[in-house]
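Colleague: Provided herewith is a single structure, encoded as structure tokens, for subsequent inquiry.
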Amino acid sequence: MMRTIEVLLVIIIITGAFIIASFFAVLPMPRRVSPLNLRRLALTTLQTLDLDYHLSETAFKPTDDEAWDQIQVALSACLPPNIVYNLTVYEVQSGSGTELYIRMKSISNAESLGIQSDASSYLVASSNVTFRVIPEKIGEHGGGTLYILNCSDANGWWITGYTAQSLAEDLYKLLSPYFQATIMVQNTTQLGQILNGTKISDSPYENVTKAVIINTFGECVPIPTEYCQGYGRESEGYYPGVNYPYTRYCYTLGQRTRVYNWTWISIVGYPLYYVSNTVVFANENNTYGIYGMRKVYQGGINAFLQGLDNQPYQYSETRIAYSISQLVQLSSEASYYCNYYGLYPSPNQISSRALNDSIVNNYNLSIALYVFNQVGNLIPGAVYRHIFKGGTNVTGSLLALGLTRTPDIRLTALGLLSYYKPRLYRSEYTAAGTSRLVILQLGQTGGI
Amino acid sequence: MAGSTIDHLVSVTVFLGAILVFISLFNQTLQTAILYQRHRNLATKCSDLLDNMLLNPGTPSYWGRSNVTPTGFGLQDPEFTQYRLSPFSLMRLNYTPGKPVFYPKTGKYYSNITMGFGKSLLVPFNEVINYSTAARLLGVNGTYGFSLTITPIVTVSITELQLNPLQLRVDVRGAGFPLIYANVSHCLITVKATGGQGAYPSYTVDYGSALTDSEGSVLLTFPSFDGEEESYVLIAYAHLSGLVGVGYHEHVQYTGSYVVPFVEDFDTRRVLIAHSWDVHGGDNPAEISYNATFVLLTEDFTLREMPLENSTGKVGKINYGVGKPYQNITIPTYNPGILVITYRKSAQESGVVLMPWGISSMAFPVTFGEDPFGKVWVATDIRQVIVNNIAYQAKLALWSFEGYQVIG
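Taken in sequence, the protein lines are chains A and B. Just so you know, we're using our numbering here: the first sequence kicks off at 466 and counts up by one. Just so you know, we're using our numbering here: the second sequence kicks off at 6 and counts up by one.
Dropping the structure here:
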């Protein structure tokens with residue numbers, strides 16, 4: 466009898482355990498088991514309503530404006546019938562006030578949102594406010610001068626549809642906010658001064674060393690008169706007895722790039738294919754009827770690289786740039802900076818003058834940035850840094866975009882900015898009166 | 006002794022019986038809890054998978070505009086962020102409910118989205134992404150099944166009230182409410198089948214706008230247009246507070262023979278123009294002439310014509326049967342638009358067919374994946390998405406291939 470009583474006691478204990486376990490093991494309601502992600506639905510609804518900035522505009526309108534009715538109609542129309550909502554707009558306060566947000570307007574289609582709801586917030590900015598973006602200046606710690614070749618006494622080539630001067634103007638608008646000093650080189654005389662290491666402006670920020678020089682003349686480069694045949698520095702610009710004697714000038718450019726640690730930029734085509742001076746070469750043309758220039762052919766870039774690497778000058782017409790049969794694509798790094806700097810050139814381009822990667826070993830170069838992805842052994846666009854073997858210091862750089870004409874100078878700007886990576890400091894979005902916070906709370910009705 | 010034995014037997018029997026009962030009770034509670042957890046997990050997986058599809062463009066990012074099979078599945082428009090989908094990636098999804106179309110002259114089957122006469126999108130099977138490929142790329146092959154539906158939020162339905170003069174009623178509805186006081190911009194394309202035998206049809210375009218009433222409807226009257234005599238198509242865009250929807254209605258004079266456009270190649274944007282008899286059969290086929298035009302939707306909701314690259318295929322004649330080749334044209338852009346092809350047999354027998362270039366330009370829906378009907382437990386989640394400025398709702402239904410059977 467005792468054992469039976471013990472068993473009954475055990476049953477009572479287990480029953481108690483079951484009741485207690487059932488009491489604590491509360492199973493969720495079916496709706497919570499497989500819920501809609503209301504937070505995401507709310508966010509995507511707000512984004513849809515703000516597709517044409519209608520929500521942003523309405524958020525700043527008076528509370529009795531009819532635009533609020535349109536928002537309510539749109540909200541009701543785009544949400545499923547079993548979803549109830551409450552949309553509230555708050556004014557964002559700044560400073561040390563006690564209230565950070567002040568409620569401005571609320572619209573809803575139900576008195577309560579049921580037992581379960583979720584919300585998303587969306588910050589909208591007033592169209593009446595301009596948010597400033599202040600770029601970091603390249604060269605705040607040395608260098609920082611941008612020279613844009615705008616020489617009035619030179620002609621360009623392979624910049625079809627543009628003039629060097631119009632490109633220079635556009636580049637100035639695009640890039641001057643990023644540099645301590647941006648200086649237009651107005652003629653070949655001023656270019657000659659820079660080549661001598663002399664400043665050409667009164668700007669206290671001008672610094673010839675570590676400067677960036679953009680050659681807006683395409684495949685052609687301006688040549689100062691003194692470097693031409695029969696003038697004072699002929700030996701640095703003219704090498705007689707060869708097919709294209711002005712390749713010697715390109716060697717000098719390479720030397721100066723190394724000595725002053727410049728970043729030389731070729732915006733399109735075969736770099737340094739012609740030299741131009743409309744005064745000295747007034748009666749000579751590039752064989753295509755453009756007067757004021759002389760061909761230096763394929764040897765120009767070879768001579769430049771020799772000068773950059775401090776090799777002895779050796780005349781060479783060896784071809785080092787070739788055409789790529791397929792479209793070339795922006796590198797992932799350059800694509801990233803498209804968004805950062807708000808520059809959106811086409812990501813696919815045609816490259817007919819891509820440099821062979823053999824130059825990297827031949828001239829002690831390293832690739833600091835691919836603007837375009839390399840295709841085989843050809844590099845459509847990149848920044849090459851020169852560092853002497855065994856050294857660590859950069860002694861000159863070259864940004865060469867071997868694309869076909871006509872040039873898109875946004876690619877030049879993108880390459881340059883992707884290389885230097887100046888930061889952008891954006892103004893605060895929480896300044897008083899500039900922003901409103903929209904919160905959309907959604908709940909589900911029906912069911913349990 | 007006997008009493009003790011009986012006591013022992015009774016107690017053991019009662020104890021075993023009680024244990025069995027309690028095991029059953031606890032088991033039921035535990036199984037229900039496990040089931041709830043699995044369902045919860047499925048709902049979370051559903052939400053994650055939907056975001057995974059909608060918030061990445063796939064690899065390569067422009068796969069929707071090419072013939073390549075992606076190595077990563079995603080539907081986001083690579084030119085935007087957030088929930089904006091590529092109208093071309095959606096075009097390359099195999100439309101599950103559509104009955105495949107076979108075109109003998111290319112020897113290919115085509116995925117078929119048809120929204121009524123003359124409104125179809127036919128994409129070759131060798132260029133669409135099928136369900137198993139997508140499931141494999143998403144990493145759910147063999148573990149989960151899914152069905153993705155992307156439907157326009159705003160439904161613009163057009164009803165013909167009378168033909169002469171033409172009067173149409175446009176009803177604009179959202180998912181849960183009519184779109185009252187919405188702007189409706191419309192474009193009436195009228196086929197001009199003028200000229201003698203063999204002449205090519207032309208068309209005229211008239212624009213207008215109106216406001217829906219408190220029931221989301223608006224009456225459009227075209228006093229100088231006789232719908233009994235001429236073929237026409239009306240395309241209407243309704244817009245309110247960021248919500249944009251598209252609707253269309255057409256009335257053709259002749260359906261005996263017509264043109265059927267097929268997307269042939271995404272890389273080269275080539276579209277084939279076939280004779281309807283070669284595709285759908287029919288009685289009394291005849292040679293027809295056609296005139297193809299590509300139109301883009303502008304920001305002010307008017308249509309702008311873009312010249313077709315292949316001027317030789319822009320107009321032409323097309324016949325049926327063996328030895329009669331199809332025509333082809335090249336769409337000039339990757340911007341979404343509508344290919345409008347007017348056709349005629351004679352001055353009285355004409356019509357017009359439309360094909361969207363980019364799924365959104367005619368607000369075509371997308372249904373991709375398996376049919377969830379009959380599955381044990383299906384979790385769903387929804388997002389509002391934008392496809393080239395047209396508001397859509399993306400809904401994913403997900404179920405697990407693991408068993409959910411519960412004993413007890």
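Here a beta-carbon is modelled for each residue, glycine too, at the ideal position from N, C-alpha and C. This structure is a prediction, so every number in the text was calculated from the model and none was measured.
Taking the continuous beta strand (DSSP E) assigned at B:E310, which residues delimit it?
Modeller: Run containing B:E310: L308 to M311, per the beta strand (DSSP E) assignment.
Colleague: Could you check whether B:Y263 and B:V175 sit closer than 8 Å to each other, using their CB atoms as the reference points?
Modeller: Going by C-beta atoms, B:V175 is not nearer than 8 Å to B:Y263.
Colleague: State the DSSP-derived secondary structure class of B:Y100, mapped to helix, strand or coil.
Modeller: Coil, per DSSP.
Colleague: Using a Cβ-Cβ cut-off of 6 Å (strictly less than) and excluding sequence neighbours within five positions of A:I603, which residues of its own chain qualify?
Modeller: Only G609, Y643, F644, Y885 and P887 meet the Cβ criterion.
Colleague: For B:Y331 versus B:K110, is the C-beta spacing smaller than 8 Å?
Modeller: For B:Y331 and B:K110, yes; Cβs fall inside 8 Å.
Colleague: Do B:P183 and B:G232 have their C-beta atoms closer together than 8 Å?
Modeller: No, these two residues do not count as a Cβ contact at 8 Å.
Colleague: Name the chain B residues whose beta carbon is nearer than 7 Å to that of A:S781?
Modeller: Ordered by position in chain B, no residue passes the 7 Å Cβ test against A:S781, which lies about 40 Å from the chain.
Colleague: Can you tell me where the alpha helix (DSSP H) with A:M467 in it begins and where it stops?
Modeller: Note, A:M467: alpha helix (DSSP H), M467 to F489.
Colleague: Have a look at A:N750 and A:G757 and give me their C-alpha separation to the nearest angstrom.
Modeller: Rounded to the nearest angstrom, the two C-alpha atoms are 6 Å apart.
Colleague: Pairing CB atoms from the region 255-270 of chain B with CB atoms from the region 205-213 of chain B, are three or more of them under 8 Å?
Modeller: With a cut-off of 8 Å, the region 205-213 of chain B and the region 255-270 of chain B do not count as touching, because too few Cβ pairs lie within range.
Colleague: Figure out for me which residue from A:A490, A:Y711 and A:V744 has the closest Cα to the Cα of A:T690.
Modeller: It is A:V744.
Colleague: In whole angstroms, give me the CA-to-CA distance for B:A204 and B:N333.
Modeller: The alpha-carbon atoms of B:A204 and B:N333 are separated by roughly 19 Å.
Colleague: On the DSSP bridge list, what partners appear for A:Y550?
Modeller: Answer is A:L907, bridged to A:Y550.
Colleague: Just to confirm the assignment: which complete beta strand (DSSP E) runs, minimum length 3, are found wholly within the region 65-123 of chain B?
Modeller: If we require 3 residues or more, the beta strand (DSSP E) runs fully inside the region 65-123 of chain B come out as 106-108 and 113-119.
Colleague: List the residues that DSSP assigns as beta-bridge partners of B:E165.
Modeller: Per DSSP, B:L173.
Colleague: Is the Cβ of A:N726 closer than 8 Å to any Cβ of chain B?
Modeller: Output row for A:N726: interface = no.
Colleague: Using beta-carbon positions only, say whether B:S71 and B:P83 come within less than 8 Å of one another.
Modeller: Not a contact, by the Cβ cut-off of 8 Å.
Colleague: CB-CB under 7 Å to B:G374, same chain, minus the five flanking residues each way: which ones, in chain order?
Modeller: The residues are T101, Y136, F151, S152 and L153.
Colleague: What are the partner residues of B:C192, as DSSP defines its beta bridges?
Modeller: Answer is B:Y212 and B:I240, bridged to B:C192.
Colleague: Which stretch, first to last residue, makes up the beta strand (DSSP E) that contains A:L868?
Modeller: Counting along the chain, A:L868 falls outside any beta strand (DSSP E), and DSSP gives it neither H nor E.
Colleague: In whole angstroms, what is the alpha-carbon distance linking B:F85 and B:S365?
Modeller: C-alpha separation (whole angstroms): 16 Å.
Colleague: With burial defined as no fewer than 16 other Cβ atoms inside 10 Å of the residue's Cβ, what is the status of A:Y518: buried or exposed?
Modeller: Per the 10 Å Cβ criterion, exposed.
Colleague: Under a Cβ-count criterion, where at least 16 other Cβ atoms within 10 Å of its own Cβ denotes burial, should B:M367 be classed as buried or exposed?
Modeller: It is buried - the Cβ of B:M367 has at least 16 other Cβ atoms within 10 Å.
Colleague: Going along the chain, which residues of its own chain have a beta-carbon closer than 6 Å to the beta-carbon of B:L47, five neighbours each way excluded?
Modeller: Correct list, in chain order: A384 and S405.
Colleague: Can you pull the chain B residues whose beta carbon is under 7 Å from the beta carbon of A:E798, in chain order?
Modeller: In chain order: nothing, as chain B lies at least about 15 Å away.
Colleague: If the criterion is Cβ atoms closer than 8 Å, does the pair B:A352 and B:K319 meet it?
Modeller: Not a contact, by the Cβ cut-off of 8 Å.
Colleague: Going straight from the alpha carbon of A:D822 to that of A:Y711, what length do you get?
Modeller: Rounded to whole angstroms, A:D822 to A:Y711 spans 25 Å at the Cα level.
Colleague: Would you say B:A204 lies against chain D (beta-carbon separation less than 8 Å)?
Modeller: The structure shown contains no chain D; the protein chains it does contain are A and B.
Colleague: Which residues of the region 234-249 of chain B have a Cβ closer than 9 Å to any Cβ of chain A? Give them in chain order.
Modeller: From the region 234-249 of chain B, only H244, L245, S246, G247, L248 and V249 have a Cβ closer than 9 Å to chain A.
Colleague: I want to see whether chain B comes within less than 8 Å of A:S541, judged by CB atoms only; does it?
Modeller: It does; some Cβ of chain B falls within 8 Å.
Colleague: Tell me which residues share the same chain as B:G287 and place their Cβ nearer than 7 Å to its Cβ, disregarding the 5 neighbours each side in the sequence.
Modeller: Closer than 7 Å at the Cβ level, and outside the excluded window around B:G287, lie G261 and S281.
Colleague: Using a Cβ-Cβ cutoff of less than 7 Å, which residues in the same chain neighbour A:Q694 once the five nearest sequence positions on both sides are dropped?
Modeller: Around A:Q694: Y703.
Colleague: Starting from B:F20, follow the alpha helix (DSSP H) in both directions and report where the run begins and ends.
Modeller: It spans A7 to L59 - the alpha helix (DSSP H) in which B:F20 sits, taken as one unbroken run.
Colleague: Applying a beta-carbon distance threshold of less than 8 Å, which residues of chain B neighbour A:T910?
Modeller: Those do not exist, as A:T910 stays about 11 Å from chain B at its closest Cβ, beyond 8 Å.
Colleague: Quick one: grab the DSSP three-state call for A:W623.
Modeller: A:W623 falls in the coil class under three-state DSSP.
Colleague: Considering only their Cβ atoms, is the gap separating A:N680 from A:S731 smaller than 8 Å?
Modeller: In contact: A:S731 and A:N680 (Cβ atoms closer than 8 Å).
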